[in-house]
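Engineer: Before we start, here is the structure in question, set down as structure tokens.
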Amino acid sequence: MRPATWILIAALAAPGLLGGSPARANESASGKKDPARAITSQLICPCSCGEILSGCTCETGKAMQGYVDRELKSGKSKDQIEAALVNQYGEVILGAPKAKGFNLLVWVAPFLATAFGFLLASLILFRWVRRRVPAPSMPGDPGAGDAGRGGGVGPGTTSEQDLDALRARAEAELKRFRE
Amino acid sequence: MSEIGRLSVLLAFLCSCFAVVSIAWGLRTGMAGPLKSGRRAVWMVCGLTLLAIIVLERALIARDFSFRYVAEHTSLDLPPMYAFSSLWAGQEGSLLLWLFVLSAYGAAFLWSYRKRLDPFYDAVAMVVAGVMVFFTSLLTFVSPPFRILATPPADGNGLNPLLQDPGMMIHPPILYTGYVGFIIPFAFGIAVLLMNRTGTRWIEEVRRWTLFCWMFLGFGVLLGARWAYVELGWGGYWGWDPVENASLMPWLVGTAFLHSVMVEQRRGMMKTWNVALIVLTFELSIFGTFLTRSGVLTSVHSFTESNIGPWFLGFILISSTIATALILYRKALLESENRLDAVVSREGSFLFNNVLFLALTFATFLGTTFPVLSEAVTGAKISVSAPFFNRVNVPIALALLLLTGAGPVLSWKRVTASVLKRNFLIPVFVGVLATLVGLPFGLHGVYPIVCVFGAAFVIATIVMEFARGIQARKDVAEARGAMAVVSLVEKNKRRYGGYIVHFGMVMIFVGVLGSSVFQKEAHGPLLPGESLALGPYSLKLRGVENKPVANAQHTRAILDVSRGDKYLGPAYPAKAMYFKSQQPMTEIALRQTPAEDLYLILGGVNEDGSASIQAYINPLVSLIWVGGIVMVLGTLIALADRMRLKREEKLGA
Chain X
149 MRPATWILIA
159 ALAAPGLLGG
169 SPARANESAS
179 GKKDPARAIT
189 SQLICPCSCG
199 EILSGCTCET
209 GKAMQGYVDR
219 ELKSGKSKDQ
229 IEAALVNQYG
239 EVILGAPKAK
249 GFNLLVWVAP
259 FLATAFGFLL
269 ASLILFRWVR
279 RRVPAPSMPG
289 DPGAGDAGRG
299 GGVGPGTTSE
309 QDLDALRARA
319 EAELKRFRE
Chain U
4 MSEIGRLSVL
14 LAFLCSCFAV
24 VSIAWGLRTG
34 MAGPLKSGRR
44 AVWMVCGLTL
54 LAIIVLERAL
64 IARDFSFRYV
74 AEHTSLDLPP
84 MYAFSSLWAG
94 QEGSLLLWLF
104 VLSAYGAAFL
114 WSYRKRLDPF
124 YDAVAMVVAG
134 VMVFFTSLLT
144 FVSPPFRILA
154 TPPADGNGLN
164 PLLQDPGMMI
174 HPPILYTGYV
184 GFIIPFAFGI
194 AVLLMNRTGT
204 RWIEEVRRWT
214 LFCWMFLGFG
224 VLLGARWAYV
234 ELGWGGYWGW
244 DPVENASLMP
254 WLVGTAFLHS
264 VMVEQRRGMM
274 KTWNVALIVL
284 TFELSIFGTF
294 LTRSGVLTSV
304 HSFTESNIGP
314 WFLGFILISS
324 TIATALILYR
334 KALLESENRL
344 DAVVSREGSF
354 LFNNVLFLAL
364 TFATFLGTTF
374 PVLSEAVTGA
384 KISVSAPFFN
394 RVNVPIALAL
404 LLLTGAGPVL
414 SWKRVTASVL
424 KRNFLIPVFV
434 GVLATLVGLP
444 FGLHGVYPIV
454 CVFGAAFVIA
464 TIVMEFARGI
474 QARKDVAEAR
484 GAMAVVSLVE
494 KNKRRYGGYI
504 VHFGMVMIFV
514 GVLGSSVFQK
524 EAHGPLLPGE
534 SLALGPYSLK
544 LRGVENKPVA
554 NAQHTRAILD
564 VSRGDKYLGP
574 AYPAKAMYFK
584 SQQPMTEIAL
594 RQTPAEDLYL
604 ILGGVNEDGS
614 ASIQAYINPL
624 VSLIWVGGIV
634 MVLGTLIALA
644 DRMRLKREEK
654 LGA
């Protein structure tokens, strides 16, 4: 790549890398982060609607949104507000359980399962690579079981000996066909 | 009329039982008569279920409140189109629709293979009939739709206001067409094991059936998201609700199957895995119904909770046990025919793709069911909702996005270093460039950056594949522009249809990224004459008015919307009070453009006369809906390819 291209890329990237972006994620209209929404988007409405509190439009939801707003304005932190709500409604008000005790399982298991899946898939792949196909029809034919599925002998992989064997098989099949 | 309905369902149950017994007898003895009778019985179930549906629809539209179902789900003031769609508003009607779609699949299957005399297809029909027995028995003994009230009320209870949406006219039938359709691949898989059948022809047939219902399920899921977006009024479209998750899981496993089946077709490998995926897809589609009906989990979509959950759970246990036992019994039949040439190959990428799809399904399943599990173990109630799924599922989904770009450009059998360089250099460069371009526009955080890189990477690989295809074919290269693309797609519909599906998926990823990460919000009480600013928009409250509609009273805010200096017109977010339910419902106002949606909610009217307005700008959300349509188009193109089936037929002949 030419130096000019690198300069162009750097010029485009610089404002973002330096943090001078015109828009930010999860901003409110005024351009400032909405701290109330940051809290309510992690909570469940305590009525039976089961919706995330930040988007809930039921009466309970609206009252709770107002409560979080007021508590923030009175100087309480996110943790304090969450703790007070958990105290009142139980952990069911949290959109995701705390990663401790038995509930740690739900956080860890998906990633462990993914890692285990990758490990297993890798082992299976290596086993498949090492595997000998039972009784291949032709020596040197890597796609012995590929007949009719677009497999077969690839270019540059067939030795002279293999070709002789292929010719012999073709002749035998032709003979059988004529009979 | 109710007697006709009751009799139809009872006869459908008897016909299903007869079909299973008759076909099983025919298969055992080799006699053609019982096989023929069994097939006819499957047809009969379809006809009888249609008759039952006609009877119930007639009662719903006529508001015949002597039917308990009609009294529970309709009212005199309900518009006729919603009276029609009330069929799937309650449990009994939903089950009847399930059975109808199921029997229609059975009939369509028999029609498709009417000229085949192979008893294998009778075995498939027998499995379908076996599932029919379950649903007809539910409708006959557990949840009958034709119960009659001794004293009919003057008016019914009315329909849940959330279901009074035009989207609800088509969303459930389309979703059911997807869900229920997985019975055919399942039946094929079980029949192969029962009949000890070898060969690859059946797997191509299964792929086509799976692709068909996969398309419907995916489209149904997106329609559900669209319904949530316009009807639930919380500014979003996907809340990781248990019922949403339940519809996503079979789609994910079905997608894994549609990829791994290619390895079986090309290389004769992953046979056990593919049968297991078919079974899992079907079981998850039943599990979805269980979640919706059982009421074990709180959901905004659970309109029909009841006590039939244990029946579904029992069916899942029995059918999965039978399927697993058969897979183990026929292990030798499912042995791989081949060996792999190299780990880095298309086959390898499909295996890792399957791991990721299954991981995503597992995370979704665990998160969805964990509240029940946790309460059983610890005794404390917990919630597992969007904050959990966004943290756990998003990284796995992004890994899948990257693999979507990598998989198709890896060659089968073996990939050399030069191929890797040739196929990956430009897409990686395009991905990096897109990311760098995005940074000044507010692209921050690991996930958004990976998403933009991945989207650009996948699109670059797709464009390169099309360009190479055009270059490689002389006849196609002679055509110009769009015609060359059309001509190329025509030559290999399956391959390029798949690329179009991938392109649609990328659009959805970008739409989700834009509408979640770059969403803007403003809210506040507005008195008449006051304005609310949101990005480039200005929302000025003109006033609040009451407006009666068909079966509700709307209290609506009149907002004058401007963008910069340009006046765009009025918008009417409202609160609807339905006469029957006396529940206040949110009716959003939506201004849609390809670049962004302006989404307005009226929270309520306060005592001082001010209106609580909540406004969102959801950028790029239109890409989600367009992406869904592109995916459907790509699937239809892939389905139109009958080349491989014809080749298999020739080989079989």
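If you're matching them up, the sequences are chains X and U in order. Every position in the first sequence, counted from 1, becomes a number in my numbering once 148 is added. Every position in the second sequence, counted from 1, becomes a number in my numbering once 3 is added. Cβ atoms here follow ideal geometry from the backbone N, Cα and C, with glycine treated the same way.
1. Measuring straight from C-alpha to C-alpha, what distance separates residue 212 of chain U and residue 122 of chain U?
2. Are residue 505 of chain U and residue 637 of chain U touching if we call contact CB-CB under 9 Å?
3. Measure the alpha-carbon distance for residue 562 of chain U versus residue 542 of chain U and round it to whole angstroms.
4. Rounding to the nearest angstrom, what Cα-Cα distance links residue 628 of chain U and residue 134 of chain U in this structure?
5. Tell me which residue opens and which closes the alpha helix (DSSP H) that residue 83 of chain U is part of.
6. Using the Cα positions of residue 310 of chain U and residue 248 of chain X, report the straight-line distance between them to the nearest angstrom.
7. Whose CA, out of U:296, U:407, U:279, U:420, lies closest to the CA of residue 345 of chain U?
8. Buried or exposed: residue 296 of chain U, going by 16 or more other Cβ atoms within 10 Å of its Cβ?
9. Using a Cβ cut-off of 9 Å (strictly closer), state whether residue 239 of chain X contacts chain U.
10. Who are the Cβ neighbours of residue 464 of chain U in its own chain at under 6 Å, not counting the five residues just before and after it?
11. Can you check DSSP and say which residues form a bridge with residue 149 of chain U?
12. Under 6 Å Cβ to Cβ from residue 199 of chain X, same chain only, skipping five residues before and after it: list those, please.
13. According to a CB-to-CB cut-off of less than 9 Å, which residues of the region 182–194 of chain X neighbour chain U?
14. Under 9 Å between C-beta atoms, does residue 270 of chain X make it to chain U?
15. Which residue's Cα is closest to the Cα of residue 176 of chain U: U:222, U:33, U:492?
16. Tell me which residues of the region 609–640 of chain U have at least one Cβ-Cβ distance to chain X shorter than 7 Å, keeping chain order.
17. Mapping the DSSP letters down to three states, classify residue 177 of chain X as helix, strand or coil.
18. Looking only at its chain, what residues have a beta carbon closer than 6 Å to the beta carbon of residue 557 of chain U, apart from the 5 residues adjacent to it on each side?
19. Under a Cβ-count criterion, where at least 16 other Cβ atoms within 10 Å of its own Cβ denotes burial, should residue 451 of chain U be classed as buried or exposed?
20. Using a Cβ cut-off of 9 Å (strictly closer), state whether residue 262 of chain X contacts chain U.
21. Can you tell me which of the three DSSP states residue 289 of chain X falls into?
22. Tell me where the alpha helix (DSSP H) around residue 207 of chain U begins and ends.
23. What span of residues does the alpha helix (DSSP H) with residue 569 of chain U cover, start to end?
24. Can residue 518 of chain U and residue 624 of chain U be called in contact, C-beta distance under 9 Å?
25. If we require 4 or more residues per run, which alpha helix (DSSP H) segments fall completely within the region 109–175 of chain U?
26. Which residue's Cα is closest to the Cα of residue 115 of chain U: U:208, U:51, U:64, U:389?
27. Spatial neighbours of residue 125 of chain X within its chain, please: CB distance less than 7 Å, with the 5 preceding and 5 following residues excluded, ordered by chain position.
28. Contact criterion: CB-CB distance below 9 Å. Does residue 606 of chain U meet it with respect to chain X?
29. On the premise that residue 206 of chain U lies in contact with residue 267 of chain U, defined as a C-beta separation below 8 Å, what is that separation, rounded to the nearest angstrom?
30. Under 7 Å Cβ to Cβ from residue 396 of chain U, same chain only, skipping five residues before and after it: list those, please.
31. If you run the structure through DSSP and keep just helix, strand and coil, what is residue 229 of chain X?
32. Residues of chain U with a CB under 9 Å from the CB of residue 199 of chain X: which are they?
33. Would DSSP call residue 606 of chain U helix, strand or coil?
34. So residue 458 of chain U and residue 433 of chain U are supposed to be a Cβ contact under 8 Å. How far apart are they, rounded?
35. Let me check one thing: in DSSP terms, what residues is residue 547 of chain U bridge-paired to?
36. Could you check whether residue 245 of chain U and residue 182 of chain U sit closer than 9 Å to each other, using their CB atoms as the reference points?
Structural biologist: Let's see:
1. 19 Å
2. yes
3. 6 Å
4. 34 Å
5. 83–88
6. 34 Å
7. U:420
8. buried
9. yes
10. 408, 412, 430
11. BP columns for residue 149 of chain U are empty, so no partner.
12. 193
13. 182, 185, 189, 190, 191, 192
14. yes
15. U:222
16. none
17. Low confidence applies to residue 177 of chain X: its pLDDT is 43, below 50, so where it sits in the model is not reliable, and the reading given next is rough at best. Residue 177 of chain X: coil per DSSP, three-state reduction.
18. 550, 577, 579
19. buried
20. yes
21. Interpretation of residue 289 of chain X is limited by its pLDDT of 40, a score under 50 that renders its predicted location unreliable; the figure taken from the coordinates is listed afterwards. DSSP places residue 289 of chain X in coil when its eight states are reduced to three.
22. 204–230
23. Unbroken run through residue 569 of chain U is the beta strand (DSSP E), 569–574; no alpha helix (DSSP H).
24. yes
25. 122–140
26. U:208
27. With chain X covering 149 to 327 only, the question about residue 125 of chain X has no answer from this structure.
28. yes
29. 6 Å
30. 363, 366, 367
31. helix
32. 235, 237, 242, 244, 303, 388
33. strand
34. The Cβ separation is near 10 Å, so there is no contact.
35. U:560
36. no
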